[in-house]
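**Q** Pasting a structure below so you can have a look.
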């Protein structure tokens with residue numbers, strides 16, 4: 001690992017923050033001053049900018065959505081929709097639960113914190129937050145293509161859904177702080193390729209929002225690398241991989257060893273440079 005000789009200055013942190021988010025200099029200064037680290041500041045920025053106000057409550061819509069939730073709830077655990085109800089919901093929405101990332105969009109937007117479990121209040125409020133008056137399963141099904149497009153083209157929304165996937169993937173045990181490799185690899189294969197192929201791309205290269213330079217060959221290298229390492233994926237590594245993918249150039253020449261990247265990403269850069277024959 002390339003260890004920086006001293007902590008990066010606030011100006012360096014501000015530059016990193018702006019490169020990732022596209023925020024103004026004033027916003028960068030404010031977030032870095034408050035949250036101290038790039039990772040925490042970026043997470044806070046994404047959360048703040050994704051706080052869309054809920055629509056004014058529509059009693060008729062709320063009643064219909066409540067009835068939909070009741071249809072799928074677990075009779076033995078009436079406060080939740082559980083796996084059986086989730087599978088039925090997926091079938092009626094035309095979602096392949098193993099291979100369709102839109103299920104992660106619904107999970108994040110509708111407040112599911114455990115895979116396959118949905119509480120009534122956030123389920124109803126989440127659907128009400130979508131534009132239009134969605135109050136039937138066919139209407140929700142018709143909205144799914146919009147969510148898929150947003151996921152693959154909107155960097156802020158992509159980061160929100162991708163980050164929530166870590167929470168779902170690690171399970172409900174609060175003591176678990178990492179994601180098993182056998183879970184992480186399929187998730188990367190689910191999230192990244194559709195974004196690579198979208199225009200604009202949620203993984204566009206910053207700061208100019210040009211097409212991604214980290215694409216399928218680099219993702220394949222990453223998966224090859226982590227498979228060889230055979231280590232669980234920390235939240236830092238999971239989260240910052242997106243920011244790394246948006247910043248790194250095709251040949252990995254522009255990697256900033258002074259930045260506070262996780263050690264696994266440091267090691268990956270060395271691995272990728274060797275594989276690519278990159279000299280710096």
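In the UniProt record's numbering, the protein residues as written are 1 to 280.
Beta carbons: idealized from backbone N, C-alpha and C, even for Gly.
Keep in mind that this is a model prediction, so the values were computed, not measured.
1) In angstroms, rounded to a whole number, what distance separates the CA positions of residue 251 and residue 261?
2) For a quick check, are the C-beta atoms of residue 234 and residue 178 less than 8 Å apart?
3) Grab the span of the alpha helix (DSSP H) containing residue 285 for me, first residue to last.
4) Short of 8 Å in beta carbon distance, which residues of its chain neighbour residue 204, apart from the five on each side in sequence? Order them along the chain.
5) So, with DSSP's three-state summary, where would you put residue 208?
6) Under the rule that 16 or more other beta-carbon atoms within 10 Å means buried, what is residue 279, buried or exposed?
7) Out of curiosity, what's the CA-to-CA distance linking residue 58 and residue 165?
8) If you follow the alpha helix (DSSP H) that residue 91 is in, where does it begin and where does it stop?
9) Do the segment 113 to 120 and the segment 144 to 160 meet, that is, are 3 or more Cβ pairs less than 8 Å apart?
10) How many Å lie between residue 54 and residue 32 at the Cα?
11) Please check the pair residue 61 and residue 135, which I expect to be a contact at CB under 8 Å, by giving their CB distance rounded to whole angstroms.
12) Would you mind reading off the limits of the alpha helix (DSSP H) that contains residue 239?
13) Below 6 Å CB to CB, which residues in the same chain sit around residue 219 once its five sequence neighbours on both sides are set aside?
14) Let me know the secondary structure DSSP gives residue 261 once reduced to three states.
15) Can you name, in chain order, every residue of its own chain whose Cβ lies under 7 Å from the Cβ of residue 232, other than the five neighbours on each side?
16) What residues are listed by DSSP as bridge partners for residue 179?
17) Return the chain-ordered list of same chain residues with a C-beta closer than 7 Å to the C-beta of residue 41, the five sequence neighbours on each side being excluded.
18) Do residue 46 and residue 323 come within 8 Å of each other at the CB atom, strictly closer than that value?
**A** Taking the structure as given:
1) 18 Å
2) yes
3) Residue numbering for the chain in the displayed model covers 1 to 280; residue 285 lies beyond these limits and cannot be assessed.
4) 155, 210, 211, 212, 246
5) coil
6) exposed
7) 30 Å
8) 83 to 93
9) no
10) Low confidence applies here, because residue 54 scores a pLDDT of 45, under 50, leaving its location unreliable and the question unanswered by this model.
11) 5 Å
12) 235 to 247
13) 192
14) coil
15) 178, 179, 180, 181
16) 233
17) 17, 31, 32, 35
18) In the structure as shown, the chain begins at 1 and stops at 280. Residue 323 is therefore absent and cannot be evaluated.
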